[in-house]
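Here's the structure we're looking at; comments come further down.
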Amino acid sequence: MDDFFAAMRLSALLDNTLDADEKVLVEQAIRESPRLRVQYSRMMTAVELVRSQGNADPPEILEQKILDRLRSDGTLKAPWSKHLPKRQTLLIAGAVVAGVSLAWWSWPRTPQTAVSPLPEEEPLEQALAPPVNLKESPVLPTAPPEVVRMKRKPAPTKKPSFKPAPITKPAPTSAPTPVSNPTRTPPKPIRGSVPQWEDEAEELPIPAVEMGSGITRLRLFPTETDALYELDNWASQQGITLDTPPRTLSTEDNLARLELTLTGGQIVDLLNTLERLGPLHQVEPPDAHLSETASVPVEIEVQYQP
Amino acid sequence: MVAASGRHLHAATRELVNRHSSIVYALCFRWLNNEEQAIEVCVDAFAEVFAEKNPAAPFQVRLFRIVSSTLEQTHTPAVVIRTAPKQRSLGNLLSRCMAALEPEHRLILLLRDLCGLGIDTIAEVLEVPERTAYSRLSRSRTELAREVARHSSPMDVV
Chain Z
3 MDDFFAAMRL
13 SALLDNTLDA
23 DEKVLVEQAI
33 RESPRLRVQY
43 SRMMTAVELV
53 RSQGNADPPE
63 ILEQKILDRL
73 RSDGTLKAPW
83 SKHLPKRQTL
93 LIAGAVVAGV
103 SLAWWSWPRT
113 PQTAVSPLPE
123 EEPLEQALAP
133 PVNLKESPVL
143 PTAPPEVVRM
153 KRKPAPTKKP
163 SFKPAPITKP
173 APTSAPTPVS
183 NPTRTPPKPI
193 RGSVPQWEDE
203 AEELPIPAVE
213 MGSGITRLRL
223 FPTETDALYE
233 LDNWASQQGI
243 TLDTPPRTLS
253 TEDNLARLEL
263 TLTGGQIVDL
273 LNTLERLGPL
283 HQVEPPDAHL
293 SETASVPVEI
303 EVQYQP
Chain V
22 MVAASGRHLH
32 AATRELVNRH
42 SSIVYALCFR
52 WLNNEEQAIE
62 VCVDAFAEVF
72 AEKNPAAPFQ
82 VRLFRIVSST
92 LEQTHTPAVV
102 IRTAPKQRSL
112 GNLLSRCMAA
122 LEPEHRLILL
132 LRDLCGLGID
142 TIAEVLEVPE
152 RTAYSRLSRS
162 RTELAREVAR
172 HSSPMDVV
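Just so you know, the sequences run in chain order Z and V. So in my numbering, the last spot in the first sequence is 308, and the numbers never skip. So in my numbering, the last spot in the second sequence is 179, and the numbers never skip.
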């Protein structure tokens, strides 16, 4: 190979990019020509000089400066950053969310209604009972008002009489006797003022009655002794037959009990009548059963003043 | 990665900067013999290459094309030739020899032997045919070898 062409391929020989045939020819020319050998040696030295001494360690701040420049130019941003709203919009949205959250937490809440327990399994007799005809009886189907009363012990020293018997007044310092029946609802005054002696009468053994059976229980504290007769007259005017005629009532401990079956309108009239006779207490509210047409059992306790 | 960086992905951008910054700085420093100017050219080149909206060439090619264009337009400061033998070093020798070369020879030498680019990449960077790049590299190496032989004593190059 000519020295000129071989010299033109020295650089390629250094880079090892020659074909195998060309490489053999160039290496042969270098061995045969001292001039080419010197030229190749110098070129190799120069290339080694560049490769070994040309590199320069970059300063530590270089990369940070480049990143700072890219950040200032807006290049170093996340791809979704351009979709973000402006900072002011974010602040307003955050304030709105915080306000709504605060209002929600501070809003008064209604207490949760307790879940009523599952009804107990009804007895077989009730389960097999015929269905109630709602057309004939608009009153809510309830069990017949079975009134289970505890028999009061008659006072050993008294006989049945309409005359009020004196009650032994307990010592004022003694604590009131607790009611024997824990399910008994305390009476609520509905009309008239409660006489002072009513508290004393409460201390008497009151017959226990079954509550929750739908019976309207009223307690009258008459101011006149003929309250039972007045009630009898009122019942006669209304065409109502008292289940327990007043004349057969026992007035032991100045207490008489009347049982009636009234409609809602008659109950209102009865209340007006009783109001004239004295203060009245409602022992058990029967609001759910009050109706103009439906019949409601009513029980009146007439408590005479001792 | 380049495509991801084009979509302004943070991590990809950092990786590209980390991969190319040191070699680009070496090219600039060996050309300019000045650290501050080399940093400035580097930063400008990266900012420009990342700002391109519709790149038509690979990232490396575009980056070195920008750097080469900038360096060719920059006046090369005169290299102080130290006559005292104790002050001579191979780095100074290389700087002196490089300064004596023509810019296009110096550039292709640095791109090939300093930056390690392939001939095909260099041809793309310089926007010349590959054969032209081959011949230009050969002439550059011959010139550098001549300068090294001229400026060095037998003890300088071991």
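Glycine is no exception: its CB is placed at the ideal position from the N, C-alpha and C atoms.
- Cβ proximity to chain Z below 7 Å picks out F50, R51, E56, I60 and C63 from the stretch 49 to 63 of chain V.
- Q30(Z) counts as exposed, since fewer than 16 other C-beta atoms from the protein chains shown sit within 10 angstroms of its C-beta.
- Segment contact: the stretch 261 to 268 of chain Z against the stretch 32 to 42 of chain V, fewer than three CB-CB distances shorter than 8 Å; contact not assigned.
- Nearest CB-CB separation between R111(Z) and chain V: not below the 8 Å threshold.
- Shown here for P150(V): same chain residues with a beta carbon closer than 8 Å to its own, the five before and five after excluded, namely A144 in chain order.
- In this structure, the CA atom of R51(V) is about 49 Å from the CA atom of Q90(Z).
- Checking the DSSP bridge columns, you'll see E303(Z) partnered with R221(Z) and R259(Z).
- In this structure R157(V) is in contact with E125(V), their Cβ atoms being roughly 7 Å apart against a cut-off of 8 Å.
- Secondary structure note for S173(V): it is in no alpha helix (DSSP H), with a DSSP letter that is neither H nor E.
- Contact between V82(V) and L51(Z) is absent: CB atoms are separated by about 27 Å, not below the 8 Å threshold.
- With distances taken between CA atoms, R278(Z) lies nearest to T225(Z) out of A237(Z), V99(Z), Q268(Z) and T225(Z).
- Remark: fewer than three beta-carbon pairs, one from each stretch, lie closer than 8 Å, so the stretch 36 to 46 of chain Z and the stretch 62 to 75 of chain Z are not flagged as touching.
- Under the Cβ criterion (8 Å, minimum of three pairs), the stretch 51 to 67 of chain Z counts as touching the stretch 58 to 78 of chain V.
- Interface criterion not met: the Cβ of A31(Z) is under 8 Å from no Cβ in chain V.
- Listed in chain order, the non-local C-beta contacts of E24(Z) below 7 Å within the same chain comprise R11, local neighbours out to five positions each way being set aside.
- Neighbourhood of A100(Z) in chain V, by CB distance below 8 Å: empty, with the nearest CB roughly 30 Å away.
- Residue contact check for S43(V) against chain Z: a CB pair falls below 8 Å.
- Taking 8 Å as the threshold, the shortest C-beta distance from T77(Z) to chain V falls below it.
- The CB of R53(Z) comes closer than 9 Å to the CB of D134, L135 and G137 in chain V, given here in chain order.
- A58(Z) has its alpha-carbon roughly 19 Å from the corresponding atom of T95(V).
- By alpha-carbon distance to C49(V), the top candidate from A154(V), N39(V) and C136(V) is C136(V).
- Contact between the stretch 158 to 165 of chain V and the stretch 113 to 132 of chain V is established, with three or more Cβ pairs separated by less than 8 Å.
- Against chain V, a Cβ distance below 7 Å from S13(Z) picks out L158, S159 and R162.
- DSSP places S13(Z) in the helix class (H, G or I) of the three-state scheme.
- Judged by beta-carbon spacing, I140(V) lies beyond the 8 Å limit of S161(V), meaning their Cβ atoms are not closer than that value.
- Between the alpha carbons of R39(Z) and I32(Z) lies a gap of roughly 5 Å.
- The C-beta of V28(Z) comes no closer than 8 Å to any C-beta of chain V.
- Among the bridge pairs identified by DSSP, T265(Z) is matched with S297(Z).
- Taken in chain order, the stretch 83 to 161 of chain V contains no complete beta strand (DSSP E) segment of 3 residues or longer.
- Interface flag for T34(V) against chain Z is set, since a Cβ pair is found closer than 8 Å.
- Ranked by Cα distance from H41(V), the first of S116(V), F71(V) and R117(V) is F71(V).
- Shown here for A48(Z): not one same chain residue has a beta carbon closer than 8 Å to its own, the five before and five after excluded.
- A residue is called buried once 16 or more other Cβ atoms fall within 10 Å of its Cβ, and P281(Z) is buried on that count.
- In the DSSP assignment, L20(Z) falls outside any alpha helix (DSSP H) and carries neither an H nor an E.
- Interface flag for R89(Z) against chain V is unset, since no Cβ pair is found closer than 8 Å.
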